[in-house]
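Comments concern the structure below.
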Amino acid sequence: MRLKLPRKYYLNEDVTRISRDLIGKVLVSRIGGKLTSGIIIETEAYNGVNDKASHAYGGRRTERNKVMYSEGGRAYVYLCYGVHHLFNVVTGRKDVPQALLIRAIKPADGIRAMLKRRGKEEIFKAFSDGPGTTAEALGITTRYSGEPLTANRIWIEERGVIIDRKNITAGPRIGVSYAGEDAQLPYRFRLNEDAIKMLKYE
DNA sequence: CGTACGATCTGCT
DNA sequence: GCAGATCGTACGA
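Mapped onto the numbering used here, the consecutive letters of the first sequence carry residue numbers 13 to 214.
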């Protein structure tokens with residue numbers, strides 16, 4: 013079973029719900045002639061204008077983050093620390109700036125290509141354990157910000173991976189201490205380590 | 001126009 | 001455990 017998630021999937025108005033639901037889905041890129049993918053194992057939700065950790069907090073709308081205000085189903089990619097390209101999925105209604113950060117994947121297709129992009133010889137523990145390395149492995153850069161996830165460059169598939177919801181832990185987001193009380197919100201979703209090891213897909 | 005800094009990663013101690 | 005890398009972006013002057 014390989015079903016590209018349709019436009020409608022991204023229109024749900026609860027970004028935390030989509031963030032949790034995307035655990036076990038497969039993020040795919042066809043970039044530079046290579047098909048690469050991985051099972052999503054960690055996400056973070058950024059919930060609209062009232063979330064102090066969000067780039068759209070207080071209605072901030074800039075050249076960088078304007079894609080957050082589009083209808084769900086597009087990529088929002090931005091440069092972090094001048095070094096890392098972080099890949100986000102825009103969700104929800106137009107003019108409601110919700111997005112979720114893909115923080116980690118378990119490699120699936122095109123592993124050699126991903127290792128090459130990462131400048132690594134073989135898989136090690138931190139292969140894609142973090143949002144910067146995940147985007148790098150998939151070849152995703154800021155030039156793909158705004159890209160529709162219904163096209164054939166970057167998309168997400170359902171592949172029938174079975175996820176037991178009790179193996180998903182929700183906790184505070186990483187690196188958002190500047191967000192005051194919102195830094196404590198349980199908007200980070202991660203599949204437990206033993207469940208990651210057991211992951212299988214068709 | 002100038003400046004401070006970040007939804008991070010790595011390597012060295 | 002911690003500092004350095006590295007630069008586009010945001011925001012104030």
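The beta carbon of each residue, even a glycine, is placed where N, CA and C say it ideally should be.
>> Whether or not the region 112-119 and the region 78-87 are in contact is what I'm after, with contact meaning three or more pairs of Cβ atoms, one per stretch, closer than 8 Å; do they touch?
In response: no
> How long is the line joining the alpha carbons of leucine 91 and arginine 177, rounded to whole angstroms?
Replying inline: 32 Å
> Beta-carbon separation of threonine 146 and valine 27 under 8 Å?
Replying inline: no
>> If distances are taken between C-alpha atoms only, which option among Arg124, His67, Phe201 and Ala149 comes closest to tyrosine 190?
In response: His67
> In this structure, does DSSP put alanine 138 in helix, strand or coil?
Replying inline: Note that alanine 138 scores a pLDDT of 49, beneath 50, so its modelled location is shaky and nothing firm can be said.
>> In chain order, what are the residue ranges of uninterrupted alpha helix (DSSP H) at least 4 long that sit wholly in the region 18-77?
In response: 27-33
>> Once DSSP output is grouped into helix, strand and coil, what is the label at proline 184?
In response: coil
>> Assuming leucine 127 is part of the alpha helix (DSSP H), what are its boundary residues?
In response: 123-130
> Of the choices Arg202, Lys212, Lys78 and Val101, whose alpha-carbon is the least far from that of glycine 172?
Replying inline: Lys212
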